[in-house]
Amino acid sequence: MINYSQWLPYLAYIFIMMIGIGILTGQKRTLGQMVTIVTFGIYLAVVGYLTLTPTAYAFGNGPTMKPYWVGSAPTNPIPFRGIELDFYLNILMLVPMGVYLKLLFKTNFKQIVAIGILIGLGIESTQFVLDSFLNMSRWIDVNDMMTNASGVVIGYVIVWVLLHSPLKRLVSFFSVKH
């Protein structure tokens, strides 16, 4: 039986995201800028679905470690414990975030590192709260925080490198920041 209340956080996330997209599109934009903004919204919806819904994805052999239970939340507080394919997929999941942050906002490297850490911490903290109140059965994993931050930084560096290459003009076409 479906517990619809478990989907409320994701729906609230989508609503807030739509408001943010509306704010970003509130002024005249070029085609490239609109592509960036719209695809960013789609990307956020996918990340929200993967991290904030009562769905589980097992990549590799499945969990190979026993969780440390904190209330009803399964956790892994030990870095680099139980590394499987999902460790690398978490990095990959947040690479586009770094790309979008570089295209959408004026940020420097230190800010991106801090934002990456906050995003990882935010996702895992939200999953912990959702596990505690809605029994979402999501793992809270310190590895996820590290890999999420790494993905954001890698995405940012990719755009930075492209902006200092012959592809600068193409990347600038999609840049929203002034």
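For the sequence shown, full-length UniProt numbering begins at 1 and goes up steadily by one. All residues carry an ideal CB built from backbone N, CA and C; glycine is no exception.
Of E124, V47, Y10 and V157, the smallest CA-CA separation from M146 is found for E124. Annotation: the region 41 to 103 contains no complete segment of the alpha helix (DSSP H) (minimum length 4 residues). Less than 7 Å divides the Cβ of P96 from the Cβ of Y43.
By the C-beta density criterion, T36 is buried, having at least 16 other C-beta atoms within 10 angstroms. In its chain, beyond the 5 residues on either side, S72, A73 and R138 have a beta carbon closer than 6 Å to the beta carbon of D131.
Beta bridge pairing from DSSP links I23 with no other residue. DSSP places L167 outside any alpha helix (DSSP H), giving it a letter other than H or E. Annotation: the continuous alpha helix (DSSP H) that includes V113 extends over F109 to L134. Here the alpha carbon of V152 sits roughly 14 Å from the alpha carbon of V161. P9 sits buried, since 16 or more C-beta atoms from the chains shown fall within 10 Å of its C-beta.
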